[in-house]
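Written below as structure tokens is the structure these notes are about.
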Amino acid sequence: MFWRSVVGKLWFTILLLVCFVLFILTVLLLGFFENYHVVEAEKDLLQTASKVSDVVAEYEESDIVLTMTELVKDPSSQVVITDDSEEILTVASKNENLPDISYDWFMNDEELAGVAENQEDVMKVAEINSSELGFIVVGTPLQGEEGAVFVYQSLDTIEETTDQTTKFIFLGAGIAIILTTIFAFFLSTRITSPLIKMREGALELTKGEFNTKIPILTHDEIGELAMAFNRMGRQLKFHIDALNHEKEQLSGILRSMADGVLTMNRQGDVLVSNPPADQYLQAWAFENKIENEEGDGEGYTLPAPIQHVFNEVIENEEELMTEVAVQGRSWVIIMTPLYDEEHVRGAVAVLRDMTDERRLDKLRKDFIANVSHELRTPISMLQGYSEAIVDDIAESREDKNELAKIIHDESLRIGRLVNELLDLARMEAGHISLYRDSVETDVFIKKIVRKFKGLAEDKHVDLRLSIEEKDDRMNIDPDRMEQVMTNLIDNAIRHTAENGVVDVIVAKSSKEWIFEISDSGYGIPEDDLPFIFERFYKADKSRKRETSQKGTGLGLAIAKNIVEAHNGKIHVHSIMNEGTTFTVRIPIQLDEFEK
Numbered sequence: 009m010f011w012r013s014v015v016g017k018l019w020f021t022i023l024l025l026v027c028f029v030l031f032i033l034t035v036l037l038l039g040f041f042e043n044y045h046v047v048e049a050e051k052d053l054l055q056t057a058s059k060v061s062d063v064v065a066e067y068e069e070s071d072i073v074l075t076m077t078e079l080v081k082d083p084s085s086q087v088v089i090t091d092d093s094e095e096i097l098t099v100a101s102k103n104e105n106l107p108d109i110s111y112d113w114f115m116n117d118e119e120l121a122g123v124a125e126n127q128e129d130v131m132k133v134a135e136i137n138s139s140e141l142g143f144i145v146v147g148t149p150l151q152g153e154e155g156a157v158f159v160y161q162s163l164d165t166i167e168e169t170t171d172q173t174t175k176f177i178f179l180g181a182g183i184a185i186i187l188t189t190i191f192a193f194f195l196s197t198r199i200t201s202p203l204i205k206m207r208e209g210a211l212e213l214t215k216g217e218f219n220t221k222i223p224i225l226t227h228d229e230i231g232e233l234a235m236a237f238n239r240m241g242r243q244l245k246f247h248i249d250a251l252n253h254e255k256e257q258l259s260g261i262l263r264s265m266a267d268g269v270l271t272m273n274r275q276g277d278v279l280v281s282n283p284p285a286d287q288y289l290q291a292w293a294f295e296n297k298i299e300n301e302e303g304d305g306e307g308y309t310l311p312a313p314i315q316h317v318f319n320e321v322i323e324n325e326e327e328l329m330t331e332v333a334v335q336g337r338s339w340v341i342i343m344t345p346l347y348d349e350e351h352v353r354g355a356v357a358v359l360r361d362m363t364d365e366r367r368l369d370k371l372r373k374d375f376i377a378n379v380s381h382e383l384r385t386p387i388s389m390l391q392g393y394s395e396a397i398v399d400d401i402a403e404s405r406e407d408k409n410e411l412a413k414i415i416h417d418e419s420l421r422i423g424r425l426v427n428e429l430l431d432l433a434r435m436e437a438g439h440i441s442l443y444r445d446s447v448e449t450d451v452f453i454k455k456i457v458r459k460f461k462g463l464a465e466d467k468h469v470d471l472r473l474s475i476e477e478k479d480d481r482m483n484i485d486p487d488r489m490e491q492v493m494t495n496l497i498d499n500a501i502r503h504t505a506e507n508g509v510v511d512v513i514v515a516k517s518s519k520e521w522i523f524e525i526s527d528s529g530y531g532i533p534e535d536d537l538p539f540i541f542e543r544f545y546k547a548d549k550s551r552k553r554e555t556s557q558k559g560t561g562l563g564l565a566i567a568k569n570i571v572e573a574h575n576g577k578i579h580v581h582s583i584m585n586e587g588t589t590f591t592v593r594i595p596i597q598l599d600e601f602e603k
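Residue numbers for the sequence shown follow the numbering used here, so the first one is 9 and each next one is one higher.
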């Protein structure tokens, strides 16, 4: 871990560089000082040889020469004086550490033998044949006569000096390495300490802490980097806040849209969806028994109809529209390619639920057809019977009166149909006006039921009334509610077989009045129940009525609008061949009742 850190790398780099420089410098210094000591020793010996040559030239007595030579030479060196008679004239006092050298040895060496003849100084490093001991020897010719002075010295002294110098060099190198290590750690710490804080700040940024600030301790490049880091944190916070704001705004727009929106990438994966689109995807998955993850569209399998359109949009790069039906609802899908500069990177689909529009369109067509059907029969009868009167087909006065009565009844039927259509149109347009009044519940219901006693007796139907709150009052529009109750009771009696039962029950809860009209008649098929309150809807296959008993098919639609105008609800339950129950719930309006 240490070697992977900036401190370790920087310390190792500086130390390696310094060690390399010190190694080169040490090698050069060792070579230099070794040669330097040899050269200096040779110069000293040559100077001694010159002094001895001067002494020999000045004094002729060997004792004096020997004494003077002893005074002149270094104690660690040895002096040998030779002449042309091939013998050693004088040898200075011996140094026990130096070997004896014969005259022949000097004469056998070409360089040393030519000193007297060539009158030139000679300096060299040599070894004695009988010993591995190396030494330095110099020679200088005698002045004014033939012969030479040789001075030689052992290399031990030079080696000791060299060893001492080497020790000092290595000691200096070691101290330099230690100081370099300390300096490297100090420098690394100074550099990496702000970097460590920046790393910690970066980790905080990854966690979303954009208010993190790095302390600025210096004004160098690292300090400028810390300033740039803090500026970057502020800019990141600003831009991320802006992005989040735009994302929330876009998400709010998508959620509030009535149309569904799906965004797919080029691979067909759902990237963005809103609740209406999720509703379509869930309905399609349920219908096709495909399990999908709950979410905002991600993880959903792209439906086959959309997949087909998506493939064509990506391939042809043009807008396409299709209409699909899922779970009884009709969806119009408009898909447009999404471009990334010049390339298609996906597609966006807008899904519009056209179920209500299609239903309203169907209702419009059905309304025209039903009105035409309802009007065609009475108009045909009016035309036919009126022609019979005009053509004198009815000869007697009684026949003409009967035809006139039929024409009158059919004209009343047409008028009733037109009035009901106008009432229903006003109600659905919200133009219905309620004239609320406080009425006695018992009196109001009994009056309505009393009107149907004769019809119930003619049909041999037992009409029964049950009121839980007889001494209470309710705040309603009595004329409108009487129209509702009349329609429901009339339907119940007319669709109940002989010896059947029709129950009218009035109850009251803490919040609402409850009216139940139930019969033991033929019942309504389950498939017809959702459409029972639509205009002109008749379940004729279960409601076996005579032609004279047929209504306009608008009564339940008008009743529903009247109940909803009272802020109430009406619903129906029915079982085939067992009976039907209509339930009306009207909220209790205490404030208006008290008035």
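The beta carbon of each residue, even a glycine, is placed where N, CA and C say it ideally should be.
1) On the DSSP bridge assignment, give the partners of Y160 in chain order.
2) Would you report the Cα separation of I422 and W339, rounded to the nearest angstrom?
3) Does DSSP classify L187 as helix, strand or coil?
4) Does DSSP put T271 in a helix, in a strand, or in coil?
5) Give me whichever residues DSSP pairs with N483 in a beta bridge.
6) I'd like to know whether the C-beta atoms of M493 and F541 end up nearer to each other than 8 Å.
7) Could you check which residue in C27, T344 and V321 has the C-alpha nearest to that of I186?
8) Please go through the region 471-522 and give each complete alpha helix (DSSP H) segment of 4 or more residues, from N-terminal end onward.
9) Is it buried or exposed, L411, if we count other Cβ atoms within 10 angstroms and call 16 or more buried?
10) Taking all protein chains shown into account, decide if S138 is buried (16 or more other Cβ within 10 angstroms of its Cβ) or exposed.
11) Which of the three DSSP states is assigned to H316 in this structure?
12) Give the single residue among A184, E418, S61 and D511 whose Cα lies nearest to the Cα of G155.
13) Would you say I540 lies against chain C (beta-carbon separation less than 8 Å)?
14) Using beta-carbon positions only, say whether H468 and E418 come within less than 8 Å of one another.
15) Distance, Cα to Cα, Q391 vs D407?
16) Taking the alpha-carbon of D479 as reference, which of K454, D361 and S380 has the nearest alpha-carbon?
17) As a quick exercise: from Q290, A573 and P386, pick the residue whose alpha carbon is nearest that of R337.
18) Contact defined as beta carbons within less than 8 Å: I believe L53 pairs with S85. What is the distance between those atoms, to the nearest angstrom?
19) Report back the beta-carbon spacing between I177 and T34 to the nearest angstrom; my notes put them in contact at under 8 Å.
20) Using DSSP bridges, identify the partner residues of M329.
21) Excluding five sequence neighbours on each side, which residues of the same chain lie with their C-beta closer than 6 Å to the C-beta of K549?
22) Which of the three DSSP states, helix, strand or coil, is assigned to I583?
23) Output the boundary residues of the alpha helix (DSSP H) element that contains L258.
24) Can you tell me whether K81 is buried or exposed? The criterion is at least 16 other CB atoms within 10 Å of its CB, across all chains shown.
25) Judging by CA-CA distance, which residue of P223, K516 and T169 is the nearest neighbour of F41?
26) Would you mind stating whether G531 and S582 have Cβ atoms separated by less than 8 Å?
27) Taking the continuous beta strand (DSSP E) assigned at D361, which residues delimit it?
28) Nearest to I199 by alpha carbon, out of K17, D286 and V64?
29) Is the region 280-287 close to the region 309-325, with three or more CB pairs under 8 Å?
30) From I190, L211, V457 and I261, pick the residue whose C-alpha is nearest to that of I497; which is it?
31) Do S162 and F143 have their C-beta atoms within less than 8 Å of each other?
32) With a 10 Å radius around its C-beta and 16 neighbouring C-beta atoms as the bar for buried, classify T588 as buried or exposed.
33) Apart from the five residues just before and just after R551, which ones in its own chain have a Cβ nearer than 7 Å to its Cβ?
34) Would you mind sorting F601 into buried or exposed? The rule is 16 or more other CB atoms within 10 Å of its CB.
35) Are there 16 or more other CB atoms within 10 angstroms of the CB of H574, so buried, or fewer, so exposed?
Quick look at the numbers:
1) Taking the first residue of the sequence shown as position 1, residue 160 is located at position 152. When DSSP reads this structure, Y160 sits in a beta bridge with Q86 and V145.
2) In the sequence shown, residue 422 corresponds to position 414, counting from 1. In the sequence shown, residue 339 corresponds to position 331, counting from 1. If I take the Cα positions, the gap works out to 39 Å.
3) The residue you call residue 187 lines up with position 179 of the sequence shown. Correct three-state label for L187: helix.
4) Residue mapping note: residue 271 aligns to position 263 of the sequence shown, counting from 1. When DSSP states are grouped into helix, strand and coil, T271 belongs to the strand group.
5) Stepping through the sequence shown from its first residue, residue 483 is reached at position 475. For N483, which the question treats as bridged, DSSP gives the partners S446.
6) By 1-based counting over the sequence shown, the position of residue 493 is 485. By 1-based counting over the sequence shown, the position of residue 541 is 533. In terms of Cβ geometry, M493 and F541 do not form a close pair [threshold 8 Å].
7) Working through the sequence shown from its first residue, we reach residue 186 at position 178. For the options C27, T344 and V321, the alpha carbon positioned closest to that of I186 is the one of C27.
8) Assignment of alpha helix (DSSP H) within the region 471-522, counting only whole runs of 4 or more residues, yields 486-502 in chain order.
9) Residue 411 sits at position 403 when you count from the first residue of the sequence shown. Flag for L411 reads buried.
10) On the sequence shown, position 130 is the one that residue 138 refers to. With a pLDDT of 44 at S138, under the threshold of 50, the modelled position of that residue is not reliable, and the figure given next carries that caveat. By the neighbour-count rule (16 or more Cβ atoms within 10 Å), S138 is not buried but exposed.
11) Position 308 of the sequence shown, counted from the first residue, corresponds to residue 316. H316: helix per DSSP, three-state reduction.
12) Sequence index remark: in the sequence shown, residue 155 carries index 147 (1-based). Closest option to G155, Cα to Cα, is S61.
13) Among the protein chains of the structure shown there is no chain C, as only one such chain exists.
14) For this step, residue 468 is matched to residue 460 along the sequence shown. For this step, residue 418 is matched to residue 410 along the sequence shown. In this structure, H468 keeps its C-beta atom at 8 Å or more from the C-beta atom of E418.
15) Stepping through the sequence shown from its first residue, residue 391 is reached at position 383. Stepping through the sequence shown from its first residue, residue 407 is reached at position 399. Looking at the two C-alpha atoms, the distance is approximately 16 Å.
16) Start at 1 with the first residue of the sequence shown, and residue 479 comes out as number 471. Among K454, D361 and S380, the Cα nearest to that of D479 is on K454.
17) By 1-based counting over the sequence shown, the position of residue 337 is 329. For R337, the nearest C-alpha among the options comes from Q290.
18) As a first step, residue 53 must be located in the sequence shown, where it is residue number 45. As a first step, residue 85 must be located in the sequence shown, where it is residue number 77. About 6 Å separates the two Cβ atoms, so the contact holds.
19) Here residue 177 is taken as the residue at index 169 of the sequence shown, counted from 1. Here residue 34 is taken as the residue at index 26 of the sequence shown, counted from 1. Right, their Cβ atoms sit about 5 Å apart.
20) In the sequence shown, residue 329 corresponds to position 321, counting from 1. For M329, which the question treats as bridged, DSSP gives the partners I342.
21) In the sequence shown, residue 549 corresponds to position 541, counting from 1. Low confidence applies here, because K549 scores a pLDDT of 43, under 50, leaving its location unreliable; read the following figure in that light. If we look at K549 and ignore the five residues flanking it on each side, it has no Cβ neighbours.
22) Working through the sequence shown from its first residue, we reach residue 583 at position 575. Strand at I583.
23) Here residue 258 is taken as the residue at index 250 of the sequence shown, counted from 1. In this chain, the alpha helix (DSSP H) harbouring L258 covers E229 to S264.
24) Translated into positions along the sequence shown, residue 81 becomes position 73. Taking all protein chains shown into account, K81 has 16 or more neighbouring C-beta atoms within 10 Å of its C-beta and is therefore buried.
25) Start at 1 with the first residue of the sequence shown, and residue 41 comes out as number 33. Nearest option by C-alpha distance: T169.
26) Here residue 531 refers to the residue found at position 523 of the sequence shown. Here residue 582 refers to the residue found at position 574 of the sequence shown. Against a cut-off of 8 Å, the Cβ pair of S582 and G531 comes out as a contact.
27) Your numbering for residue 361 matches position 353 in the sequence shown. H351 to D361 is the span of the beta strand (DSSP E), which, as asked, contains D361.
28) In the sequence shown, residue 199 corresponds to position 191, counting from 1. Ranked by Cα distance from I199, the first of K17, D286 and V64 is K17.
29) The region 280-287, when compared against the region 309-325, does not touch it at the 8 Å Cβ threshold.
30) Along the sequence shown, one-based indexing puts residue 497 at 489. The residue from I190, L211, V457 and I261 with its alpha-carbon nearest to that of I497 is V457.
31) Sequence index remark: in the sequence shown, residue 162 carries index 154 (1-based). Sequence index remark: in the sequence shown, residue 143 carries index 135 (1-based). Taking a C-beta distance under 8 Å as the contact criterion, S162 and F143 qualify as a contact pair.
32) Counted from its first residue, the sequence shown places residue 588 at position 580. Buried, since its Cβ has 16 or more Cβ neighbours within 10 Å.
33) By one-based count along the sequence shown, residue 551 stands at place 543. Residue placement at R551 cannot be trusted, given a pLDDT of 39 that sits under 50; the coordinates are not used to answer.
34) As a working mapping, residue 601 is identified with position 593 in the sequence shown. Per-residue confidence for F601 stands at a pLDDT of 41, beneath the threshold of 50, marking its modelled position as unreliable; the derived number appears in the next sentence. With fewer than 16 other CB atoms across the displayed protein chains lying within 10 angstroms of its CB, F601 is exposed.
35) In the sequence shown, residue 574 corresponds to position 566, counting from 1. H574 sits buried, since 16 or more C-beta atoms from the chains shown fall within 10 Å of its C-beta.
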